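In the working numbering, the protein residues as written are 26 to 268.
Even for Gly, the Cβ is constructed at its ideal location relative to N, Cα and C.
Predicted model, so just to flag it, every value in this text is computed and none were measured.
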């Protein structure tokens with residue numbers, strides 16, 4: 026039994042079933058080297074906006090930026106001095122029920138994220154650089170993650186891993202969010218419950234353990250971690266004690 030009372034065999038069965046479904050429906054896997062630079066930038070910004078924010082809130086914020094055409098190179102380059110202000114304006118919109126963006130209320134960190142997005146653009150596109158070139162030149166996923174985590178505002182190892190998974194850069198990658206870390210503790214891959222990973226080295230060690238576990242179960246790590254996220258998130262809601 027897990028810490029919240031759900032049967033681990035049932036949990037593992039559900040994760041395997043979701044993993045199989047993901048593999049069967051993953052016929053159009055993203056190919057980062059076929060994506061436009063605007064699309065790569067959009068995916069990276071989505072990961073910055075998703076840090077410490079619910080998925081639906083981050084998704085709505087991306088829709089607001091899309092509406093303002095803020096992922097286009099024209100705005101990133103020709104209006105660089107004003108880009109932070111433009112992003113702040115988009116993220117400061119207060120959404121209402123039924124709004125096309127799907128946002129209800131307001132994005133919680135508009136000023137911080139606008140600064141991070143603007144700084145990330147300056148860092149990545151300085152001296153003619155691009156995300157695509159960075160991905161092409163890297164030796165492996167660890168090198169890319171180290172560079173992006175160290176150099177890009179708003180990206181840590183988890184959010185960088187999310188970006189690399191979402192653009193299809195590697196399959197042996199795991200997004201170690203609180204739900205995946207909870208699962209790892211439940212099955213004994215970590216001795217104590219963890220809510221976050223504090224260092225890049227610790228992230229790599231934990232990811233290696235997760236990748237080995239998913240491969241031994243016969244599943245791709247990038248899809249298995251998505252399945253864990255889905256199942257554990259639902260399990261926590263269903264089996265949480267009543268207030």
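CA-CA distance, residue 139 and residue 253?
-> Sequence index remark: in the chain shown, residue 139 carries index 114 (1-based). Sequence index remark: in the chain shown, residue 253 carries index 228 (1-based). Roughly 31 angstroms separates the two Cα atoms.
Go ahead and label residue 217 buried or exposed: buried means 16 or more other beta carbons lie within 10 angstroms of its beta carbon, across all protein chains shown.
-> Residue 217 sits at position 192 when you count from the first residue of the chain shown. Exposed, since its Cβ has fewer than 16 Cβ neighbours within 10 Å.
Considering residue 66, what are the terminal residues of the alpha helix (DSSP H) in which it resides?
-> Along the chain shown, read from residue 1 onward, the residue named residue 66 stands at position 41. It spans 62-74 - the alpha helix (DSSP H) in which residue 66 sits, taken as one unbroken run.
Start and end of the alpha helix (DSSP H) containing residue 81?
-> As a position in the chain shown, residue 81 is number 56, starting the count at 1. Looking at the DSSP string, the run of the alpha helix (DSSP H) that includes residue 81 is 80-92.
If you count every other CB in all the chains shown that lies within 10 Å of the CB of residue 38, and 16 or more means buried, which is it?
-> For this step, residue 38 is matched to residue 13 along the chain shown. By the 10 Å Cβ count, residue 38 comes out exposed.
Cutoff 6 angstroms; reference residue 118; Cβ partners in own chain excluding five residues on either side | Indexing the chain shown from 1 puts residue 118 at position 93. If we look at residue 118 and ignore the five residues flanking it on each side, its Cβ neighbours are 89.
Neighbour-count burial assignment, residue 262, 16 or more Cβ in a 10 Å radius = Taking the first residue of the chain shown as position 1, residue 262 is located at position 237. Exposed, because fewer than 16 other Cβ atoms sit within 10 Å of the Cβ of residue 262.
Ordered along the chain, which non-local residues of its own chain (more than five positions away) have a Cβ less than 7 angstroms from that of residue 60?
-> For the purposes of this step, residue 60 is taken as residue 35 along the chain shown, with counting starting at 1. Excluding sequence neighbours, residue 60 sits near 192.
Measure the beta-carbon distance from residue 236 to residue 195 and round it to whole angstroms, keeping in mind my assumption that it falls under 8 angstroms.
-> The sequence position of residue 236 within the chain shown is 211, counting from 1. The sequence position of residue 195 within the chain shown is 170, counting from 1. Not confirmed; about 10 angstroms, so no contact.
Helix, strand or coil for residue 119 per DSSP?
-> Counting from 1 along the chain shown, the entry for residue 119 is found at position 94. Strand, per DSSP.
Say whether the region 53-68 touches the region 222-230, bearing in mind that this needs 3 or more beta-carbon pairs closer than 8 angstroms, one atom from each stretch.
-> no
How would you write the range of the alpha helix (DSSP H) that residue 38 sits in, first residue to last?
-> Taking the first residue of the chain shown as 1, we reach residue 38 at position 13. Taken as a continuous stretch (DSSP letters only), the alpha helix (DSSP H) holding residue 38 covers 33-49.
In angstroms, rounded to a whole number, what distance separates the CA positions of residue 57 and residue 202?
-> Translated into the one-based positions of the chain shown, residue 57 becomes position 32. Translated into the one-based positions of the chain shown, residue 202 becomes position 177. Distance between the alpha carbons of residue 57 and residue 202: 23 angstroms.
Have a look at the DSSP bridge pairing and note the partners of residue 77.
-> As a position in the chain shown, residue 77 is number 52, starting the count at 1. Answer is none; residue 77 lacks a bridge partner.
So the alpha helix (DSSP H) residue 235 belongs to, where does it begin and stop?
-> Residue numbering aside, residue 235 sits at position 210 when the chain shown is read from its first letter. Where residue 235 is concerned, the enclosing alpha helix (DSSP H) stretches over 225-241.
My guess is that residue 189 and residue 205 are in contact by the Cβ rule of under 8 angstroms, so how many angstroms apart are they, rounded?
-> In the chain shown, the residue the question calls residue 189 occupies position 164. In the chain shown, the residue the question calls residue 205 occupies position 180. Contact flag wrong, Cβ pair sits at about 15 angstroms.
Would residue 75 pass as a contact of residue 184 if the rule is Cβ separation under 8 angstroms?
-> Taking the chain shown and counting its residues from 1, the one referred to as residue 75 is at position 50. Taking the chain shown and counting its residues from 1, the one referred to as residue 184 is at position 159. Yes, they are a contact pair.
Going straight from the alpha carbon of residue 220 to that of residue 207, what length do you get?
-> As a first step, residue 220 is located in the chain shown; it is residue number 195 there, counting from the start. As a first step, residue 207 is located in the chain shown; it is residue number 182 there, counting from the start. Roughly 8 angstroms separates the two Cα atoms.
In terms of residues, what are the limits of the alpha helix (DSSP H) holding residue 148?
-> As a working mapping, residue 148 is identified with position 123 in the chain shown. Segment 135-150, the alpha helix (DSSP H) holding residue 148.
What three-state label does DSSP hand residue 202 in the structure shown?
-> Working through the chain shown from its first residue, we reach residue 202 at position 177. It is coil, neither helix nor strand.
Is the beta carbon of residue 36 sitting closer than 8 angstroms to the one on residue 260?
-> Along the chain shown, one-based indexing puts residue 36 at 11. Along the chain shown, one-based indexing puts residue 260 at 235. Result yes, Cβ atoms of residue 36 and residue 260 sit closer than 8 angstroms.
What span of residues does the alpha helix (DSSP H) with residue 95 cover, start to end?
-> The residue given as residue 95 occupies position 70 in the chain shown. Counting along the chain, residue 95 falls outside any alpha helix (DSSP H), and DSSP gives it neither H nor E.
Under the three-state DSSP convention, the category residue 131 falls into | By 1-based counting over the chain shown, the position of residue 131 is 106. The answer is strand: DSSP assigns residue 131 an E or B state.
With DSSP collapsed to three states, give me the class of residue 194.
-> Within the chain shown, residue 194 is the residue found at index 169, counting from 1. The answer is coil: DSSP assigns residue 194 none of H, G, I, E or B.
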